[in-house]
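Visitor: The numbering of the sequence shown is the working numbering, which starts it at -19 and goes up by one. Beta carbons: idealized from backbone N, C-alpha and C, even for Gly.
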Amino acid sequence: MRRILPCSRHLWNGASGTMRARPAIPTAIPVIRIESLTLQRGTKPLFENASAVVHPGEKAGLVGANGSGKSTLFSLLRGKLHADAGELYIPSSWRVAHVAQETPPSEKTALDYALDGDTRLREIEAKLAKAQAAHDGHAEAEAHIAYADADGYTAASRASALLMGLGFTLAEIEQPVASFSGGWRMRLNLAQALMCPSDLLLLDEPTNHLDLDAIVWLEDWLKRYAGTLFIISHDREFLDGICDVTLHLENKQIKRYTGNYSAFETRRAEQLVLQQASYERQQREVTHLQSFVDRFRYKASKARQAQSRIKMLEKMEKLAPVHVTSPFSFEFREPLASPSPMLTLEHVDCGYKTEHGDKKVVGGLDFSLLNGQRIGLLGANGQGKSTLVKTLAGTLEPLKGRVGQGKGLAIGYFAQHQLETLREDRSPLQQLAAIAPGVRDQDLRDFLGSFNFRGDMALAPVGPFSGGEKARLALALIIWKRPNLLLLDEPTNHLDLDMREALTVALAQFEGTLILVSHDRHLLRACADEFMLVGNGRLTPFDGDLDEYRTWLLQNAAARRAGLTGQPAKESGGDRKEQRRVEAQERQRLAELRKPLQKEIAALEKRMEKLNAEKRRLDALLAAEDTYKESSKTLLTDSLRQQTEVKKELEKIEAEWLEKQSALEAVG
């Protein structure tokens, strides 16, 4: 993340290989303008005479197939690439922020690393330190003014709020960067980008390493972002919640649509319906969706989830034509058996065995999973969703209790670590043939083709495949086995929008039982009938839909800042008792965090009181006429020196007091 001025003085003429003077741009219209842009990477042309305009303050979602040039356009906006021909104009005064893709191991704390995002503030701090070292009072005073103008006194509290919103605890923000894993380091990079005062913010798949809780917080933050925003994302609901402009990259062009992703889908669908060749396939998609609607229409009176599900299906039906160009079209095969209950948990504790003893993550589980249930698991990362799913799948033994399986149970389990179990030296066809002995090659190839493994790709070793391609293959292998219970842990990671939609449609028609962990709210809305919350070591029903969950999360974030922790509404008496216990524990924890800060603030206030008294004495002395007599020359010199020292010390103490006060406010 850095301040860059990619188009401040000249334009690159790709045809002649020269720089030419930029024509005058009216300063009253500081737009981002792309005109007749042409760019080729290697032998592949990405843009040919492409044009688009984005106005200040607009939030633009970039969508298009993989390889259509979305990340390349980001590189152009950052000034890291030059077009072969055409123009890309960004106002010269704009500051551009982006998320770094690498995080060097550092002993800096997470808080200091996030603060580094405000490069202007860091420059002022360096000037202030230099002025103080040189005893340059004038330069020091200017630096203090600049520091205040840059909101330096609130920087630490703002950075703390960013980090906590992205899932870090108060204790973790003081830990070194090197102590965090890759996914958490990407969150640090995101915090650094958000900390940067910017006019243009570029976010490339910002939700990839976030859980649903952090995504809800980020969405709320970006809605309030005052600058211009470009987002690349495969999360359609995230795009819907933020973007007011959609830029579609297709056929080497950039087409602007006013509105969010759903509005773009609708308008593009209308265009595609006009094409007769596409219309027939569109009708087949609508038939599939209609069967999904019919299946759940009569459950509308049973739960609010069913009501919101019907609305979602109506929306899917309306938007179905937009996916007629998708290369994916598959469905789950009908299960061979339908046991009920599927699983029975008796006094189960989930967790891990360590050299220091058992580590319980989720406990006290007593329930039966019935045939046909479709459950979405909610809760922050680290609360135990994946641990629970592993226990249900049988890949992790319970620490306590028993997990019983119904007769004829066939589990289809998907998790990201399973991609590593694919044989990298084998092709998709070989891997499918290994679990489908005796099936004709052509039947296997037809099946793989529905996942876009066609031609030579079906015969190529999977080692060089992308994460999305490996995820598609893992899903294909699961679907072939005809499971009656699907346990899916973040199945959409690495999948593009087309594949996500195909998976959503297929899961909607799945005749078995489903437990789903996902940060993709569109998938959760369409495929889960009920939600359960994993948190505080327990599994509890969440009586509400995803909109209510979003509201609950934002209320809890505010409550945490006030020293409280919320629980879902409509709880039993036992749940309320547990809630009060958890709230009391949280208040005690926050009180322990506040106590040392309050003690330090009191000591600083006592010191400021003494310094202010000394300053008043010196001010009075220097205001007296006798001080300026020839006989009082030494007194005058000493008083002026003491006044300067007192002012410096007072400024230092006040700055420290403001920092401690901000930290106290962050704790709540």
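1) So, are the CB atoms of Glu38 and Thr208 less than 9 Å apart?
2) To which residues of the same chain is Glu28 closer than 8 Å at the C-beta, ignoring the five residues directly before and after it?
3) Give the single residue among Phe244, Lys640 and Ala114 whose Cα lies nearest to the Cα of Val225.
4) Using a Cβ-Cβ cut-off of 8 Å (strictly less than) and excluding sequence neighbours within five positions of Val626, which residues of its own chain qualify?
5) In whole angstroms, what is the alpha-carbon distance linking Thr472 and Asp500?
6) Tell me the DSSP secondary structure of Leu544 in three-state form.
7) Quick one: residues in its chain with C-beta nearer than 8 Å to the C-beta of Ala206, no 5 flanking neighbours on either side, listed in chain order?
8) Within its chain, find whatever has a CB closer than 8 Å to the CB of Leu644; leave out the 5 residues flanking it on each side and keep chain order.
9) Would you report the Cα separation of Gly344 and Glu572, rounded to the nearest angstrom?
10) Please classify Gly331: is it buried, with 16 or more other beta-carbons within 10 angstroms of its beta-carbon, or exposed?
11) Counting along the chain, where does the alpha helix (DSSP H) carrying Lys107 start and finish?
12) Is it buried or exposed, Ser446, if we count other Cβ atoms within 10 angstroms and call 16 or more buried?
13) Would you mind stating whether Phe214 and Arg480 have Cβ atoms separated by less than 9 Å?
14) Taking the beta carbon of Ile391 as the centre, do at least 16 other beta carbons fall within 10 Å, making it buried, or is it exposed?
15) Using the three-state DSSP reduction, which class does Val721 fall into: helix, strand or coil?
16) Are the stretch 384 to 399 and the stretch 451 to 468 touching, with three or more C-beta to C-beta distances below 8 Å?
17) Roughly how many whole angstroms lie between the Cα atoms of His115 and Ala109?
18) Measure the alpha-carbon distance for Arg587 versus Asp618 and round it to whole angstroms.
19) Judging by CA-CA distance, which residue of Gly515, Ile495 and Asn432 is the nearest neighbour of Val341?
20) Using the beta-carbon count (16 or more within 10 Å), is Ser48 buried or exposed?
21) For the beta strand (DSSP E) that Asn29 lies in, which residues bound it at each end?
22) Could you give the distance in angstroms between the alpha-carbon of Thr371 and the alpha-carbon of Leu379?
23) Between which two residues does the alpha helix (DSSP H) carrying Gly162 extend?
24) Identify the residues that DSSP records as bridge partners of Lys380: which are they?
25) Give every residue of the same chain whose Cβ lies closer than 6 Å to the Cβ of Ala440, excluding the five residues on either side of it in the sequence, and list them in chain order.
26) Check whether the Cβ atoms of Ala508 and Ile355 lie closer than 9 Å to each other.
27) Can you tell me whether Thr401 is buried or exposed? The criterion is at least 16 other CB atoms within 10 Å of its CB, across all chains shown.
28) If I'm right that Val33 touches Arg13 with Cβ under 8 Å, what's the distance once you round it to whole angstroms?
29) How far does the beta strand (DSSP E) with Thr149 in it extend, from its first residue to its last?
30) Let me know the secondary structure DSSP gives Val76 once reduced to three states.
31) Which of the three DSSP states is assigned to Ser55 in this structure?
32) For Leu26, collect the residues of the same chain with a Cβ closer than 8 Å to its Cβ; drop the 5 residues on either side in sequence, then sort them by chain order.
33) Which ranges would you report for the beta strand (DSSP E) in the stretch 190 to 214 if only whole runs of at least 3 residues count?
34) At 3 residues or longer, and completely inside the stretch 382 to 416: list those beta strand (DSSP E) runs for me, N to C.
35) Just mark Gln535 as buried or exposed, buried being the case when its beta carbon has 16 or more other beta carbons within 10 Å.
36) Under 8 Å by Cβ, that's how I've got Gln155 and Ala90 pegged, so tell me the actual separation to the nearest angstrom.
Guide: Taking the geometry as given:
1) Along the sequence shown, one-based indexing puts residue 38 at 58. Along the sequence shown, one-based indexing puts residue 208 at 228. It is a contact, given that the beta carbons lie within the stated cut-off.
2) The count along the sequence shown starts at 1 and reaches residue 28 at position 48. Excluding residues within five positions, the ones whose Cβ falls inside 8 Å are Thr18, Lys232 and Gln233.
3) Locating residue 225 in the sequence shown gives position 245, where the first residue counts as 1. That would be Phe244, whose Cα lies nearest to the Cα of Val225.
4) On the sequence shown, residue 626 is found 646 positions in, with the first residue counted as 1. Same-chain partners within the cutoff: Leu591, Glu594, Lys595 and Leu598.
5) Taking the sequence shown and counting its residues from 1, the one referred to as residue 472 is at position 492. Taking the sequence shown and counting its residues from 1, the one referred to as residue 500 is at position 520. Going from the Cα of Thr472 to the Cα of Asp500 covers about 7 Å.
6) As a first step, residue 544 is located in the sequence shown; it is residue number 564 there, counting from the start. Annotation note: pLDDT 35 at Leu544 (below 50); position unreliable, no value reported.
7) Locating residue 206 in the sequence shown gives position 226, where the first residue counts as 1. Excluding residues within five positions, the ones whose Cβ falls inside 8 Å are Gly37.
8) Mapped onto the sequence shown, residue 644 falls at position 664. These residues qualify, in order along the chain: Arg574, Leu577, Gln578 and Ile581.
9) As a working note, residue 344 is residue 364 in the sequence shown. As a working note, residue 572 is residue 592 in the sequence shown. Rounded to the nearest angstrom, the two C-alpha atoms are 29 Å apart.
10) The sequence position of residue 331 within the sequence shown is 351, counting from 1. Result: buried.
11) Locating residue 107 in the sequence shown gives position 127, counting from the first residue. Taken as a continuous stretch (DSSP letters only), the alpha helix (DSSP H) holding Lys107 covers Thr99 to Ala113.
12) For the purposes of this step, residue 446 is taken as residue 466 along the sequence shown, with counting starting at 1. It is exposed - the Cβ of Ser446 has fewer than 16 other Cβ atoms within 10 Å.
13) The sequence position of residue 214 within the sequence shown is 234, counting from 1. The sequence position of residue 480 within the sequence shown is 500, counting from 1. Residue 214 is actually His in this sequence, not Phe. Contact: yes.
14) Here the question's residue 391 lines up with position 411 in the sequence shown. The residue is buried, with at least 16 neighbouring Cβ atoms inside 10 Å.
15) Nothing about residue 721 can be read from this structure; the chain reaches only from -19 to 648.
16) yes
17) To locate residue 115, count along the sequence shown from 1; it is residue 135. To locate residue 109, count along the sequence shown from 1; it is residue 129. The alpha-carbon atoms of His115 and Ala109 are separated by roughly 10 Å.
18) Working through the sequence shown from its first residue, we reach residue 587 at position 607. Working through the sequence shown from its first residue, we reach residue 618 at position 638. Computed Cα separation, rounded: 22 Å.
19) For the purposes of this step, residue 341 is taken as the residue at position 361 of the sequence shown. The option with the nearest alpha carbon to Val341 is Gly515.
20) Within the sequence shown, the letter at position 68 stands for residue 48. Classification for Ser48: buried.
21) Indexing the sequence shown from 1 puts residue 29 at position 49. Asn29 -> beta strand (DSSP E) spans Lys24 to Val34.
22) Indexing the sequence shown from 1 puts residue 371 at position 391. Indexing the sequence shown from 1 puts residue 379 at position 399. Between Thr371 and Leu379, the C-alpha separation is close to 10 Å.
23) Within the sequence shown, numbered from 1, the residue matching residue 162 stands at position 182. Gly162 to Met175 is the span of the alpha helix (DSSP H), which, as asked, contains Gly162.
24) Indexing the sequence shown from 1 puts residue 380 at position 400. Partner(s): Asp329.
25) The residue you call residue 440 lines up with position 460 of the sequence shown. If we look at Ala440 and ignore the five residues flanking it on each side, its Cβ neighbours are Ser407.
26) Counting from 1 along the sequence shown, the entry for residue 508 is found at position 528. Counting from 1 along the sequence shown, the entry for residue 355 is found at position 375. Cβ distance < 9 Å, so Ala508 and Ile355 count as in contact.
27) If you number the sequence shown from 1, residue 401 lands on position 421. By the neighbour-count rule (16 or more Cβ atoms within 10 Å), Thr401 is not buried but exposed.
28) Locating residue 33 in the sequence shown gives position 53, where the first residue counts as 1. Locating residue 13 in the sequence shown gives position 33, where the first residue counts as 1. Right, their Cβ atoms sit about 5 Å apart.
29) Start at 1 with the first residue of the sequence shown, and residue 149 comes out as number 169. No beta strand (DSSP E) holds Thr149; DSSP gives it neither H nor E.
30) Taking the sequence shown and counting its residues from 1, the one referred to as residue 76 is at position 96. Correct three-state label for Val76: strand.
31) The residue you call residue 55 lines up with position 75 of the sequence shown. Residue state, collapsed to three classes: helix.
32) Counted from its first residue, the sequence shown places residue 26 at position 46. Excluding positions up to five away in sequence, the list reads Leu19, Gln20, Ser48, Gly49, Thr52 and Lys232.
33) 208 to 212
34) 391 to 394
35) Start at 1 with the first residue of the sequence shown, and residue 535 comes out as number 555. Counting Cβ neighbours within 10 Å, Gln535 comes out exposed, since fewer than 16 surround it.
36) Here residue 155 corresponds to residue number 175 of the sequence shown, with the count starting at 1. Here residue 90 corresponds to residue number 110 of the sequence shown, with the count starting at 1. Confirmed, Cβ separation roughly 6 Å.
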